[in-house]
Amino acid sequence: MFDLTELERAHAIVGQAVPATAARGWPLLAERLGTQVIVKHENHTPIGAFKVRGGLVYLERLKRERPNTPGIISATRGNHGQSLAFAASRHGVPAVIYVPRGNSVEKNRAMKAFGAELVEHGEDFQAAAEEAQRRAQFTGLHMVPSFHPDLVLGVATYALELFRTAPDLDVLYVPIGQGSGISGCIMARDLLGLKTEIVGVQSTEAPSYALSFAAGKVVTTKTSNTLADGMATRIPDADAFALIRKGAARIVQVSDDEVADAIRAYWTDTHNLAEGAGAAALAAALQEKAKLSGKRVGLVLSGGNIDFDLFRSWVGAEAPAMA
1 MFDLTELERA HAIVGQAVPA TAARGWPLLA ERLGTQVIVK HENHTPIGAF
51 KVRGGLVYLE RLKRERPNTP GIISATRGNH GQSLAFAASR HGVPAVIYVP
101 RGNSVEKNRA MKAFGAELVE HGEDFQAAAE EAQRRAQFTG LHMVPSFHPD
151 LVLGVATYAL ELFRTAPDLD VLYVPIGQGS GISGCIMARD LLGLKTEIVG
201 VQSTEAPSYA LSFAAGKVVT TKTSNTLADG MATRIPDADA FALIRKGAAR
251 IVQVSDDEVA DAIRAYWTDT HNLAEGAGAA ALAAALQEKA KLSGKRVGLV
301 LSGGNIDFDL FRSWVGAEAP AMA
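Encoded structure:
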């Protein structure tokens, strides 16, 4: 998909807008997991999520190779759309973003604040994506997919930062939505010649990649009703699945309750806010705690964009206290 030289160049492109994010150990999280742990803080980017890196690299190439592009269009549950809106505004390119009805209020507001035209359509991501593709066909707007080599190249820059900071990680837990994040981690690990075991994480309510991994072929689901909207995927991308199948050790499924526990743990142990997908890696590590003794563990905190009402109702004061 790309080589180390291309990854280094992409890191320079991203670095013009996004300083390297922290990869930090937290003593209370280490106590909770019973082992060494490093958190990659992608919740600290300008959009509060790792996706910004992919948008910046994608728009840089698009603007360079197709300077007269009239605008871009895509679909999202939030962070992909914020990434494209942020990058498009830096390049002076109009952006139209489709979201399903009932999408995150705060993510919708952020996309509009970054300059995107926001359109609500359908009951889930897949319906919004199909409508965005239809509109692209008759408007001439450039359709940006949810998974593309340039998006993977961009988000792989966070893995490059992490692995150069902590090349001795035994295992790295990564949430899976459409697959760009874990694909970037696999690519960066392999290009650097490291042996880190990479474990994907999905919701029990949206397990399409986990089911595909187990079956050895693409498996779709009829619903994706998880509160962790960044993992709400029904139809895996075939290219992403091929890379994940080859490069990941396994995929762990976590429940919404486990994700809520992990969000509370991040808040109490590190004072960091995590959205559902952002906390999924920690939820999986807690589920596999017995396997991790003596290992050096990496966790991708992929984003912190959780709606306040969801945070309050899901993991607020009325929730049971953590042990």
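For the record, in the sequence shown the residue sitting at position 157 is 157 according to full-length UniProt numbering, with numbers rising by one throughout. No residue lacks a Cβ here, since even glycine has one placed at the ideal position from N, Cα and C.
Alpha carbon of A156 to alpha carbon of G102, nearest angstrom: When rounded, the distance between both Cα atoms is 30 angstroms.
What alpha helix (DSSP H) runs, 4 residues minimum, are completely inside the segment 35-116? Within the segment 35-116, complete alpha helix (DSSP H) segments of at least 4 residues are found at 52-65, 79-91 and 105-113, given in chain order.
Inter-residue spacing [alpha-carbon to alpha-carbon] between L169 and T196: Whole-angstrom Cα-Cα distance: 6 angstroms.
Can S146 and H80 be called in contact, C-beta distance under 9 angstroms? It is a contact, given that the beta carbons lie within the stated cut-off.
Once you ignore the five residues that flank P100 on each side, which residues in its own chain have a CB closer than 8 angstroms to its CB? Counting only Cβ-Cβ distances below 8 angstroms, and skipping sequence neighbours, we find R77, E120, H121, G122, E123, D124, F125, A127 and A128.
Coarse secondary structure for M231, derived from DSSP in three states: DSSP places M231 in helix when its eight states are reduced to three.
Hey, would you say L118 sits closer than 9 angstroms to A265, going by beta carbons? No. Outside cutoff.
How long is the line joining the alpha carbons of P175 and S302, rounded to whole angstroms? Their Cα atoms are separated by approximately 8 angstroms.
Nearest by alpha-carbon distance to E130: which of I13, A75 and A113 is it? Minimum Cα-Cα distance from E130 among the listed residues I13, A75 and A113 corresponds to A75.
In this structure, how does DSSP classify S313 when only helix, strand and coil are distinguished? Note: S313 maps to helix in three-state DSSP.
Taking Cβ positions, are A240 and S180 nearer each other than 9 angstroms? For A240 and S180, yes; Cβs fall inside 9 angstroms.
Determine the closest residue to A280 out of R109, K295, L292 and I263, with distance taken between C-alpha atoms. Of R109, K295, L292 and I263, the residue nearest in Cα terms is I263.
L141 and I73 closer than 9 angstroms at C-beta: Yes, the Cβ-Cβ distance between L141 and I73 is below 9 angstroms.
Going by DSSP, which residues form a beta bridge with I251? G200.
Only counting the same chain, and skipping five residues up and downstream in sequence, which positions put a Cβ closer than 7 angstroms to that of E288? So the qualifying residues of the chain are V252.
Closest residue to G25 among V254, G193, T35 and A214 (Cα-Cα distance): In terms of CA proximity to G25, T35 leads the group V254, G193, T35 and A214.
Along the chain, where does the alpha helix (DSSP H) containing V14 start, and where does it finish? Segment L4 to G15, the alpha helix (DSSP H) holding V14.
Using DSSP bridges, identify the partner residues of Y173. Paired residues: V199 and L299.
Assuming A188 contacts A166 under a Cβ cut-off of 8 angstroms, what Cβ separation, rounded to an integer in Å, is found between them? No, A188 and A166 are not in contact; Cβ-Cβ is about 12 angstroms, not under 8 angstroms.
Might you give, ordered along the chain, the residues of its own chain that have their beta carbon closer than 6 angstroms to the beta carbon of P236, omitting 5 neighbours on each side? Excluding residues within five positions, the ones whose Cβ falls inside 6 angstroms are S208, Y209, S212 and V218.
State the beta-bridge partners of A206 as determined by DSSP. Paired residues: S203.
Could you please give me the residues that DSSP links to A23 through a beta bridge? Per DSSP, K40.
Sequence-distant residues of its chain with Cβ nearer than 8 angstroms to T220 (five each side left out): The answer, listed in chain order, is S208, R234, I235 and P236.
Alpha carbon to alpha carbon, what distance is there between G230 and G177? Whole-angstrom Cα-Cα distance: 6 angstroms.
6 angstroms CB neighbourhood of H91 in its chain, flanking five on each side removed: L59 and K63, listed in sequence order.
Taking the DSSP output, what are the residues bridged to V119? In DSSP, V119 forms a bridge with Y98.
CA-to-CA distance, I38 to G294, given in whole angstroms: Cα-Cα distance, rounded: 14 angstroms.
Burial state of Q82, where buried means 16 or more other Cβ atoms lie within 10 Å: Counting the other CB atoms within 10 Å of its CB gives Q82 a total of 16 or more, which places it among the buried residues.
Counted within 10 angstroms of its Cβ, other Cβ atoms place K246 as buried (16 or more) or exposed: Under this definition K246 is an exposed residue.
Backbone secondary structure at M1 - three-state DSSP: Coil, per DSSP.
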